[in-house]
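Chains A and B, in that order, give the protein sequences. When the letters of the first sequence are read in order and numbered with the UniProt record's numbering, they come out as residues 1 to 577. When the letters of the second sequence are read in order and numbered with the UniProt record's numbering, they come out as residues 1 to 577. Glycine is no exception: its CB is placed at the ideal position from the N, C-alpha and C atoms.
2 protein chains.
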Amino acid sequence: MRFASFFTSAFQRHPSYSKLILLCTLSGGGLLSYSESQSITGTPASSTNSDVPAKKKVVVLGTGWGGTSFLKDLDASLYDVQVVSPCNYFAFTPLLPSVTCGTVEARSIVEPVRNMVKKRKGEIKFWEAECLKIDHANKTVFCRSNIDSNLVGSGEFSLEYDYLVVAIGAQVNTFNTPGVKEHCYFLKEVEDAQKIRRAVIDCFEKAVLPSLTDEERRTNLHFVVVGGGPTGVEFAAELHDHFQEDLVNLYSSVKDFVKITVIQSGDHILNTFDERISLFAEDKFGRDGIEVQTGCRVVSVDDKNITMKTKSTGEISSVPHGMVIWSTGIATRPVVRDFMEQIGQGKRRVLATNEWLRVKGCDSVYAIGDCSSIDQRKIMDDISAIFEAADKDKSGTLTVAELKDVIDDIVVRYPQFDLYLKSKHILDLSTLWKDSEGNYREEIDIEGFKMALSHMDSQMKTLPATAQVASQQGEYLARCFNRMHQCEEHPEGPRRFKGSGRHTFLPFRYKHFGQFAPLGGEQAAAELPGDWVSMGHSTQWLWYSVYASKQVSWRTRMLVVSDWTRRFIFGRDSSRI
Amino acid sequence: MRFASFFTSAFQRHPSYSKLILLCTLSGGGLLSYSESQSITGTPASSTNSDVPAKKKVVVLGTGWGGTSFLKDLDASLYDVQVVSPCNYFAFTPLLPSVTCGTVEARSIVEPVRNMVKKRKGEIKFWEAECLKIDHANKTVFCRSNIDSNLVGSGEFSLEYDYLVVAIGAQVNTFNTPGVKEHCYFLKEVEDAQKIRRAVIDCFEKAVLPSLTDEERRTNLHFVVVGGGPTGVEFAAELHDHFQEDLVNLYSSVKDFVKITVIQSGDHILNTFDERISLFAEDKFGRDGIEVQTGCRVVSVDDKNITMKTKSTGEISSVPHGMVIWSTGIATRPVVRDFMEQIGQGKRRVLATNEWLRVKGCDSVYAIGDCSSIDQRKIMDDISAIFEAADKDKSGTLTVAELKDVIDDIVVRYPQFDLYLKSKHILDLSTLWKDSEGNYREEIDIEGFKMALSHMDSQMKTLPATAQVASQQGEYLARCFNRMHQCEEHPEGPRRFKGSGRHTFLPFRYKHFGQFAPLGGEQAAAELPGDWVSMGHSTQWLWYSVYASKQVSWRTRMLVVSDWTRRFIFGRDSSRI
Numbered sequence: 001m002r003f004a005s006f007f008t009s010a011f012q013r014h015p016s017y018s019k020l021i022l023l024c025t026l027s028g029g030g031l032l033s034y035s036e037s038q039s040i041t042g043t044p045a046s047s048t049n050s051d052v053p054a055k056k057k058v059v060v061l062g063t064g065w066g067g068t069s070f071l072k073d074l075d076a077s078l079y080d081v082q083v084v085s086p087c088n089y090f091a092f093t094p095l096l097p098s099v100t101c102g103t104v105e106a107r108s109i110v111e112p113v114r115n116m117v118k119k120r121k122g123e124i125k126f127w128e129a130e131c132l133k134i135d136h137a138n139k140t141v142f143c144r145s146n147i148d149s150n151l152v153g154s155g156e157f158s159l160e161y162d163y164l165v166v167a168i169g170a171q172v173n174t175f176n177t178p179g180v181k182e183h184c185y186f187l188k189e190v191e192d193a194q195k196i197r198r199a200v201i202d203c204f205e206k207a208v209l210p211s212l213t214d215e216e217r218r219t220n221l222h223f224v225v226v227g228g229g230p231t232g233v234e235f236a237a238e239l240h241d242h243f244q245e246d247l248v249n250l251y252s253s254v255k256d257f258v259k260i261t262v263i264q265s266g267d268h269i270l271n272t273f274d275e276r277i278s279l280f281a282e283d284k285f286g287r288d289g290i291e292v293q294t295g296c297r298v299v300s301v302d303d304k305n306i307t308m309k310t311k312s313t314g315e316i317s318s319v320p321h322g323m324v325i326w327s328t329g330i331a332t333r334p335v336v337r338d339f340m341e342q343i344g345q346g347k348r349r350v351l352a353t354n355e356w357l358r359v360k361g362c363d364s365v366y367a368i369g370d371c372s373s374i375d376q377r378k379i380m381d382d383i384s385a386i387f388e389a390a391d392k393d394k395s396g397t398l399t400v401a402e403l404k405d406v407i408d409d410i411v412v413r414y415p416q417f418d419l420y421l422k423s424k425h426i427l428d429l430s431t432l433w434k435d436s437e438g439n440y441r442e443e444i445d446i447e448g449f450k451m452a453l454s455h456m457d458s459q460m461k462t463l464p465a466t467a468q469v470a471s472q473q474g475e476y477l478a479r480c481f482n483r484m485h486q487c488e489e490h491p492e493g494p495r496r497f498k499g500s501g502r503h504t505f506l507p508f509r510y511k512h513f514g515q516f517a518p519l520g521g522e523q524a525a526a527e528l529p530g531d532w533v534s535m536g537h538s539t540q541w542l543w544y545s546v547y548a549s550k551q552v553s554w555r556t557r558m559l560v561v562s563d564w565t566r567r568f569i570f571g572r573d574s575s576r577i
Numbered sequence: 001m002r003f004a005s006f007f008t009s010a011f012q013r014h015p016s017y018s019k020l021i022l023l024c025t026l027s028g029g030g031l032l033s034y035s036e037s038q039s040i041t042g043t044p045a046s047s048t049n050s051d052v053p054a055k056k057k058v059v060v061l062g063t064g065w066g067g068t069s070f071l072k073d074l075d076a077s078l079y080d081v082q083v084v085s086p087c088n089y090f091a092f093t094p095l096l097p098s099v100t101c102g103t104v105e106a107r108s109i110v111e112p113v114r115n116m117v118k119k120r121k122g123e124i125k126f127w128e129a130e131c132l133k134i135d136h137a138n139k140t141v142f143c144r145s146n147i148d149s150n151l152v153g154s155g156e157f158s159l160e161y162d163y164l165v166v167a168i169g170a171q172v173n174t175f176n177t178p179g180v181k182e183h184c185y186f187l188k189e190v191e192d193a194q195k196i197r198r199a200v201i202d203c204f205e206k207a208v209l210p211s212l213t214d215e216e217r218r219t220n221l222h223f224v225v226v227g228g229g230p231t232g233v234e235f236a237a238e239l240h241d242h243f244q245e246d247l248v249n250l251y252s253s254v255k256d257f258v259k260i261t262v263i264q265s266g267d268h269i270l271n272t273f274d275e276r277i278s279l280f281a282e283d284k285f286g287r288d289g290i291e292v293q294t295g296c297r298v299v300s301v302d303d304k305n306i307t308m309k310t311k312s313t314g315e316i317s318s319v320p321h322g323m324v325i326w327s328t329g330i331a332t333r334p335v336v337r338d339f340m341e342q343i344g345q346g347k348r349r350v351l352a353t354n355e356w357l358r359v360k361g362c363d364s365v366y367a368i369g370d371c372s373s374i375d376q377r378k379i380m381d382d383i384s385a386i387f388e389a390a391d392k393d394k395s396g397t398l399t400v401a402e403l404k405d406v407i408d409d410i411v412v413r414y415p416q417f418d419l420y421l422k423s424k425h426i427l428d429l430s431t432l433w434k435d436s437e438g439n440y441r442e443e444i445d446i447e448g449f450k451m452a453l454s455h456m457d458s459q460m461k462t463l464p465a466t467a468q469v470a471s472q473q474g475e476y477l478a479r480c481f482n483r484m485h486q487c488e489e490h491p492e493g494p495r496r497f498k499g500s501g502r503h504t505f506l507p508f509r510y511k512h513f514g515q516f517a518p519l520g521g522e523q524a525a526a527e528l529p530g531d532w533v534s535m536g537h538s539t540q541w542l543w544y545s546v547y548a549s550k551q552v553s554w555r556t557r558m559l560v561v562s563d564w565t566r567r568f569i570f571g572r573d574s575s576r577i
C-alpha cells in the first residue's frame, strides 16, 4: 500500500504520468482502479481492468452531518468512494437560526465538500446531484444534477455500488396542513435561512412605507413561529434580539407594532428538555414580550391569516400574520420512501436499520442520520436463545453465575438490559432471581427468566433526529468500513445468541453530550451529561465555546468567531441582499 | 435650533412626548414639521400646519454613489428629506468584480442606507421602493415598493417635492443585441455578482459530472466576457485567479478544459486607459492564457452559442459557451427617459444638466451620477457677451489687459478655456492676440476674438460614468443645498456674461484622482493624477490601500480587509449558496 500511495501522490502532481503508472503497476492491486478513477472522464469505476481485483465501490448519498462525518473518518484508500449530494457543501446546521438574522453569515457555516475530501487519504469523487432512485435489485442509484441553467450535457447518470450509505436526511413535515407549503418559511437548509433573513427585512421595509395604515403595519410585523422545539425557540429568540438590538433604531416609527408569537401544540415549549429549562424559557419569553401559545394546533395557513385550534376548548381562531416560520418536525424524503417500498419497509414511518446501522433487509445498504432509525432488537424476541446460551450445563435452569458468564455479551447486544438495571438501581444481578414474594432463588427456569427480563424492552429509546446522533453514526460507520477486512477475520462484536459465532462489529452506541437552547439576550439553557441543567449568561458563553470548537474547519471557526465579534461591535446588517 | 434639537432628541427617546412637544413649540419653526415627519404614519410632510413655514421638501431618488454622497454631506436639519431607492443599502460597486469570485463577500461591500442616515444631523426618511414616474408638472414622484411577498397594504405612494435629486443611475446597455437579456449575466448590481458566483460554480459542478463528454465539459467551461472595459477585464482577471488558486485543486479532472475569452469591439482592451496600460494588460492576459479577441462585435447570443462579427473581415463566427458576462456600457433607465420626454429632452441620449447639476429646463430638479451628463456651455455661444463684458471702454476692440480683468470669471464659467491654454502650452494670454502670421497685435476686434477662442470648445469633455464622478457630484450638490440661503444672498459663482450679476454657486468641477485596473495574480495597473502610470505588484498593494480607505464605514472597511485576509489564508469559498 505504501508503494501505491507513493505513486498516487506522484500521479496527483503529474497527471501526465498516468499511463506510465498504469503500465508499471499492473500488479499494484488497488492502484489501477484508483488511477482510472482519477481519469478525466470520471466514469464510474466499473470499467476497471478485470484482471485486477477492483476496490469495492462505496456510494454515499448526502453531505450533511452523517455523510460528512463518515467521509471525514473513512480511509478512502480502501474503497472507490463516490459521493452524491445536491449541495456541494456541508452546513453547520445548529447555527442556522443565527443565519436568519445575520448574527453569523451563511458562508461562515458552510464548508465545501471538495475542500474536506481533498484532505482525505485516497480519492473521493463528488457529484453535485440529487439521488432520484435507489434501485436495490441492481445495486444502482440514479442521479440527476439539479443545476437548472442552460449548460450542455445530460445531468442524469447512474452509479453502481457494492456498499451504499444513505445519509440523505429528512424533509420538513407539514403534516399536510393546507397552505403551509405555499405560505410558510422553513428552517432546514441554508437557503431557507437566507430567505427568512430577506423576508424579515421586507416586513419592516413594507411596514414603514407611507401608504400603509397602522393595522396593515401591525399585520406585516406579526411574526409567527409554529413549533416550540429548539429550532423554533432559538429563531424566535434571535428575531427578538435582532429587533431589540438593531432594527428598533432603524425602523423606530413602527417599533410598537412588532409582535412575535410561538405556537406549540404541546403544553410547554422545549418539551424534549428538562422541565426546569421549559419553564425558564417560557418565563424569559414572557418578560421579552414573545407570546407563547401552547396547546394550539395550526389547521391552515393562507397568505394573510394563520388559523389554529385550541386543543382544550376546540375553539378555532384566525390571526393575520406578516410571516410564518414552520418548524415542527421532519418527514421521510420521497426517494427514501420509494426505497422502503422496494425492501418491504413500506408500512414503516422511517427507514429501519439494525444496531450496526445496516438497513433491515439489505446486506449492502447502510443508513445514518435523520433518514433512518435504529430498530433495537428486543430481549424478549431472543429470550429462549439467551437462556439456552447461558445454560451451559443444559440443566434447564439458570444460576446467577451462569448469567454472569454471558452478561457482557447481553449488555452489548441489548443495551436496554443495562438501562433497566440502572433505572431500577439494581446493582446485583441476583435481585433478578427473586420471586414475586421477594424470596431469593438459586436457579430459575425459562419462565422465571422471561418474567425477570420482561420489562427491560420498555427501556428501548428512539434516538433523536439531531446532528449529534448523525455525526456519531457517521464516525461509527467509517470505523467499521476501515476495519471491515480485519473484523471479518477477527470479529469484535458480541456473541450471536441465535446462530453461532460473534457479530463482526460492536453495535453502534450513542453518547449524549447534552444539548443547548439559546434563548436570546445573551442567555442560554443547557442540558449537560449527568442530568445537569445550566441556564443564563454563563451558559451562553459555554454555547459560544462549544459551537466554535465544533466547527468542521479552521476556516469556518475563524469566520464564525469573527462574525460574533462583528455583531458585538457593529450589530447585525440590515441590507436586503 | 439648539432648543429644537434638545426636544428632538427627547422626542426620539420618548415618542409619547410627541403631542406635548407639538403643543409647546408652536413657535419652534422647523421643529413642528420635523416632529410630524417623525410620526408613525410616515405620511409625506405636506400635511404640516400651514401657520408654520414648512421646510422645503427634498426627494432623493437612488442610493448609489451620487445619492449616498449627497446624503452624507447634506445638512438634513435644513430640509424635509425623503429618499427612495429599490435597494435599502449602498453598495461599493468597484468591488463587485471581487464579489463574483468570493474574494470579498457581498455583505462586506454594502452598508444599509438607514445606518448611514441615522448618523446624520436631522432626520432623513427612507422608503425602499422604485420610482415609477417623475411628474414634473405637479412636482410629484410616483413610487412602488418592489417587495413581492404577500404582505398587506398598498406599496404605491407618491411624494411631493420642492427639490428633486435624481441619482438613479443607469442600466445595462444590451445595444438591442438579440438574446443578451435572456442568456447573459451582467455585473451592475450586488445580486448580479452573487448570481455570477453561483453560476461559475455551476459550470464546474456540471462539467465534472460522469455523464458528460469532453466536448460538453469544454463548452460548459468556456467563459466569455463581452466588453474589455475595466469591469470586464477585472472580472476576467478575478475568474482566472479563482480558477488558478482555488478551483484547479478542487476540480482537477477538468482543469484542461477551462477557457476564458474577452471580446472587445475596439482595437484594445482598457482603451479608456493610457496605451501602456492596455498593452501591459493584453500582454499579461496573453501569458495567463486569457484569450483577447479585439475588433469583434457580438451579434447574438443564445443558450448554447455566442455569435460575433470580426469588424475587419466581416466574418461571422459562432462559439459554444458555458457562460457569457455582458459588460459593455450603460443606458438610460425608462423612468429617466420618460422624464426627459416631459421636459423636452426626448431627443437626447442622456439627461442633460447645466454646470450646476440642475436639469436643463427644470428649476427644481437636479441630476447626478450615471443618469445624467453635464452640458458644458460653449464659449462660442457667449462670445459676443464675453467680448462686450471685457470691453470696458466700449472701444469695440479688446486689449490683453482688458481680457485679464475678466479672465477669472471666464475660466470658472468655461473650463475649456483653461484646458485649451494648457494643451497648447500657452503661458501668456498675449499669444492669443497674434494674427495668423504670428505678429503680435495691441487690440483685437470681435472677429479676431472669435478666431482666437474658436478652438477652445473642442476641449470640452464628457465626464466618465464612474463612482468618482457621481460621488463628487453628490458632495458638491450637498454643499450647494447646505448654503443655498446664504449663497442666494451672497452669490459666490462667476459673473453672468449674459444677464447681470453673478451665478449663485461656483459650477461643479471634477477632480480626477486616477483609476485602477486590477489584472489578477496580485498585479494591477493604475493611471494616477499627472499622467503617471503604475503597473505591477506594488500597484496592487496601492489598490488594496485605496479601496480599503474609501469604504463608507468602519464596518465595511473591517469586513473587506478581513475578507482579503481570509482569502490569503484559506482561499475562496466554492460552496454554491
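Roughly how far, in whole angstroms, is the beta-carbon of residue i from the beta-carbon of residue j, given that I think they are within contact range, below 8 Å?
i              : j              : result
residue 357(B) : residue 476(B) : 7 Å
residue 416(A) : residue 460(A) : 5 Å
residue 233(B) : residue 281(B) : 6 Å
residue 64(B)  : residue 169(B) : 5 Å
Expressed to the nearest angstrom, what Euclidean distance is found between the alpha-carbon atoms of residue i and residue j?
i              : j              : result
residue 38(B)  : residue 212(A) : For residue 38(B), the predicted structure reports a pLDDT of 34, less than 50, and the residue's modelled location is therefore unreliable. The matter cannot be settled from this model.
residue 154(B) : residue 249(A) : 24 Å
residue 327(B) : residue 359(B) : 28 Å
residue 518(B) : residue 181(B) : 27 Å
residue 448(A) : residue 493(A) : 28 Å
Do residue j and residue i come within 8 Å of each other at the CB atom, strictly closer than that value?
i              : j              : result
residue 430(B) : residue 440(B) : yes
residue 81(B)  : residue 61(B)  : no
residue 192(A) : residue 364(A) : no
residue 79(A)  : residue 58(A)  : yes
residue 409(A) : residue 495(A) : yes
residue 503(A) : residue 342(A) : no
residue 239(A) : residue 260(A) : yes
residue 376(B) : residue 361(B) : no
Is any beta-carbon of chain A found at less than 8 Å from that of residue i?
i              : result
residue 130(B) : no
residue 76(B)  : no
From the beta carbon of residue i, is the nearest beta carbon of chain B less than 8 Å away?
i              : result
residue 282(A) : no
residue 110(A) : yes
residue 140(A) : no
residue 482(A) : no
residue 105(A) : yes
Please confirm whether any heavy atom of the ligand ATP lies closer than 7 Å to the CB of residue i.
i              : result
residue 452(A) : This structure simply doesn't include the ligand ATP, nor any ligand for that matter.
Can you check the region 89-168 of chain A for any beta strand (DSSP E) of at least 3 residues that lies completely inside it and give the ranges in chain order? With a minimum length of 3 residues, the continuous beta strand (DSSP E) runs that stay inside the region 89-168 of chain A are 89-91, 110-112, 124-128, 130-135, 140-144, 156-160 and 163-166.
Just list the alpha helix (DSSP H) runs in the region 283-351 of chain B, keeping only unbroken ones of 4 residues or longer that don't cross its boundaries, in chain order. Within the region 283-351 of chain B, the runs of alpha helix (DSSP H) at least 4 residues long that lie entirely inside it are, in chain order, 334-342.
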